[in-house]
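Heads up, the thing below is written out as structure tokens.
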Amino acid sequence: MPNRNPLRWLVQWADWFEMRGVYVPGEDNRGVDPWRDFGWLIVAWVVALGTFILFFALAT
Numbered sequence: 023m024p025n026r027n028p029l030r031w032l033v034q035w036a037d038w039f040e041m042r043g044v045y046v047p048g049e050d051n052r053g054v055d056p057w058r059d060f061g062w063l064i065v066a067w068v069v070a071l072g073t074f075i076l077f078f079a080l081a082t
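The sequence shown begins at 23 in the numbering used here and counts up by one.
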């Protein structure tokens, strides 16, 4: 039986970010990688923006 979790894509994104690695405090010997260091913030911003746009698109 297939997985019927409606948030499956969100869980897959979380797994993808964890596989790429997360920021370790004190690890200052490398450059800033936006997807690695701020990936969750970027995804949260995109989801919030999409929800905002969808809300007003449906409200009209």
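Even for Gly, the Cβ is constructed at its ideal location relative to N, Cα and C.
Whether residue i touches residue j by CB criterion (8 Å)
i: ARG42; j: ARG58; result: yes
i: VAL65; j: TRP35; result: yes
Integer Cβ distance of residue i from residue j, believed to fall under 8 Å
i: TRP62; j: PHE39; result: 7 Å
Endpoints, alpha helix (DSSP H) assigned at residue i
i: GLY72; result: 56–81
Collapsed DSSP secondary structure at residue i in the structure displayed
i: LEU29; result: coil
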